[in-house]
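Just below is one structure, and these are the notes that go with it.
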């Protein structure tokens, strides 16, 4: 069985989608009778093993994204690969190319709806744009044989728009990498953060839907017993003096160490589609204080953190106070346990593979049926 993934969301800093594809290809590479290919934009046409790049325009929007303009090259490249199933990981040119290739080859095509395009653009450009994009997304995703969404909230939105064959497919966490043992006793000292402070952390891009301003307002309310570490590209530099900023893209090793060495994650995002950083924080054994919205509302369980009214610094500050007044170490242990149970990449990809096999109507070889 040969599975091909195609997406434009594969920049060096592209976060969740790239993490998902790398984990998927790593897990599936150990499965017998299975081959995976990945087709992504790059500076030139290139093939290295099963990793293929096609030239695409560099987007000036940062994060190193490239935007394919003509779908025909992508369609032809997919047809040449002759996969048994194609998965498209974005709602743009490559998605239409995947559908066209699937039709020509007579194979199922899956659309993974990773980010809520109408909502994100509606936040920026208003209701009319949101309406137009909703219609576009509906028209596109109704053509796939199966549509994957990373959380129930997104799956339900797609269903409301009239997309029927939607399946919730959570992402996973690298449990060996994001682990309580990454804690570094000298970490705070190295960052110049006093060891007696209650240390909150947020890691991510400073994009609008992450609501970094709410985090800063929360810190002003919490005062000097608390400290916040903000890590990620584009973070503000005008911050209260109980906030430390690391304004760049941080590698996974650095992020894991920072999470495990903090006391809790502080997350004000209201447009999370899976909330990977929250899962990574929980895997590192720290609880989450977050906005009760999007994927955080369903992926941060009672006992592993506290959710509060979105966009409300007072409510968020109060949630922090409550979290620290309880047994925060026990919350962290429970958080780790929860992620181990539900979001190990092996389990997540195994259930995805079973879905692929059903879509392809392939007789399961015994090796596949029993391979965990």
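Residue numbers (our numbering): 246 to 617.
Here a beta-carbon is modelled for each residue, glycine too, at the ideal position from N, C-alpha and C.
Note that the structure is a prediction, hence the values are computed from the model and not measured.
Sort 338, 475, 501 by Cα distance to residue 489 and report the nearest one. If you number the chain shown from 1, residue 489 lands on position 244. Of the candidates 338, 475, 501, the one whose C-alpha sits nearest the C-alpha of residue 489 is 475.
When 429, 528, 338, 483 are compared against residue 576, the one with the closest alpha-carbon: The sequence position of residue 576 within the chain shown is 331, counting from 1. The candidate whose alpha carbon is nearest that of residue 576 is 528.
Using the rule of at least 16 other Cβ atoms within 10 Å of the residue's Cβ for burial, across every protein chain shown, is residue 335 buried or exposed? Counting from one through the chain shown, the residue named residue 335 turns up at place 90. Residue 335 is buried by the Cβ-count criterion.
Taking the C-alpha atoms as reference points, what is the distance between residue 391 and residue 411? Here the question's residue 391 lines up with position 146 in the chain shown. Here the question's residue 411 lines up with position 166 in the chain shown. One C-alpha to the other measures close to 6 Å.
Looking at the strands, I want to know which residues DSSP matches up with residue 446. The count along the chain shown starts at 1 and reaches residue 446 at position 201. Residue 446 is bridged to 474, 510.
Close Cβ partners of residue 549 (< 7 Å) along its chain, the five nearest in sequence each way excluded: Start at 1 with the first residue of the chain shown, and residue 549 comes out as number 304. Only 527, 532, 533, 576, 579, 580, 583 meet the Cβ criterion.
Less than 6 Å between C-beta atoms, sequence neighbours within five positions excluded: which residues of the same chain meet that for residue 455? On the chain shown, position 210 is the one that residue 455 refers to. 449, 514, listed in sequence order.
Quick check on the burial criterion: 16 or more other C-beta atoms within 10 angstroms. Buried or exposed for residue 355? If you number the chain shown from 1, residue 355 lands on position 110. Buried: at least 16 other Cβ atoms inside 10 Å.
Cutting at 8 Å between CB atoms, please list the residues of its own chain near residue 537, excluding the five before and the five after it. If you number the chain shown from 1, residue 537 lands on position 292. Same-chain partners within the cutoff: 552, 553, 554, 555.
If you check the beta carbons only, do residue 300 and residue 289 fall under 9 Å apart? Numbered from its first residue, the chain shown carries residue 300 at position 55. Numbered from its first residue, the chain shown carries residue 289 at position 44. Contact: yes.
Roughly how many whole angstroms lie between the Cα atoms of residue 561 and residue 395? Counting from 1 along the chain shown, the entry for residue 561 is found at position 316. Counting from 1 along the chain shown, the entry for residue 395 is found at position 150. If you take the alpha carbons of residue 561 and residue 395, they lie about 25 Å apart.
Which runs of the alpha helix (DSSP H), 4 residues or longer, sit entirely within the stretch 341-418? 362-370, 372-386, 397-405
Simplified DSSP assignment, three categories, for residue 254: The residue you call residue 254 lines up with position 9 of the chain shown. Looking at residue 254 - three-state DSSP - the assignment turns out to be coil, as it is neither helix nor strand.
Touch test, the stretch 477-493 against the stretch 406-423, Cβ-Cβ under 8 Å, three pairs minimum: no
Best match in 350, 445, 344 for proximity to residue 523 [C-alpha to C-alpha]: The residue labelled residue 523 in the question sits at position 278 within the chain shown. Checking every option, the nearest Cα to that of residue 523 belongs to 445.
Among 433, 511, 521, which one has its Cα closest to the Cα of residue 360? As a position in the chain shown, residue 360 is number 115, starting the count at 1. Checked all of 433, 511, 521; the closest Cα to residue 360 is 521.
For the structure I just gave you, are there three or more beta carbon pairs, one from the stretch 319-328 and one from the stretch 337-347, closer than 8 Å? yes
Can you tell me whether residue 544 is buried or exposed? The criterion is at least 16 other CB atoms within 10 Å of its CB, across all chains shown. Residue numbering aside, residue 544 sits at position 299 when the chain shown is read from its first letter. Answer is buried; the Cβ neighbour count reaches 16.
Pull the bridge partners of residue 284 from the DSSP assignment, please. The residue given as residue 284 occupies position 39 in the chain shown. Its beta-bridge partners are 251, 297.
Taking the alpha carbon of residue 398 as the reference point, which residue from 371, 517, 351, 492 has its own alpha carbon closest? Here residue 398 refers to the residue found at position 153 of the chain shown. Minimum Cα distance to residue 398 is reached at 517.
For the alpha helix (DSSP H) that residue 541 lies in, which residues bound it at each end? As a working note, residue 541 is residue 296 in the chain shown. Element bounds for residue 541: 539-544.
Contact check, residue 505 vs residue 495, beta carbons under 9 Å: Position 260 of the chain shown holds residue 505. Position 250 of the chain shown holds residue 495. Not closer than 9 Å, so no.
So the candidates are 493, 477, 508; which of them puts its Cα closest to the Cα of residue 430? In the chain shown, the residue the question calls residue 430 occupies position 185. Nearest option by C-alpha distance: 508.
Who are the Cβ neighbours of residue 388 in its own chain at under 7 Å, not counting the five residues just before and after it? Along the chain shown, one-based indexing puts residue 388 at 143. Cβ within range, chain order: 344.
Identify whether residue 603 lies in helix, strand or coil by the three-state DSSP scheme. Counting from 1 along the chain shown, the entry for residue 603 is found at position 358. Of the three classes helix, strand and coil, the one that applies to residue 603 here is helix, per DSSP.
Please list the terminal residues of the continuous beta strand (DSSP E) segment that includes residue 332. Translated into the one-based positions of the chain shown, residue 332 becomes position 87. Residue 332 -> beta strand (DSSP E) spans 330-333.
Given a threshold of 16 other Cβ atoms within 10 Å of its Cβ, counted over all protein chains shown, does residue 530 qualify as buried or as exposed? Translated into the one-based positions of the chain shown, residue 530 becomes position 285. Buried is the call here.
Can you say whether residue 437 is buried or exposed, counting buried as having 16 or more other CB atoms within 10 angstroms of its CB? Here residue 437 is taken as the residue at index 192 of the chain shown, counted from 1. Per the 10 Å Cβ criterion, exposed.
Which term fits residue 439, buried or exposed, when burial requires 16 or more other beta carbons within 10 angstroms of its beta carbon? To locate residue 439, count along the chain shown from 1; it is residue 194. Residue 439 comes out exposed.
Can you check whether the CB of residue 339 is closer than 9 Å to the CB of residue 302? Within the chain shown, residue 302 is the residue found at index 57, counting from 1. Within the chain shown, residue 339 is the residue found at index 94, counting from 1. No, they are not a contact pair.
For residue 303, write down the residues that DSSP places opposite it in a beta bridge. Counting from one through the chain shown, the residue named residue 303 turns up at place 58. Residue 303 is bridged to 311.
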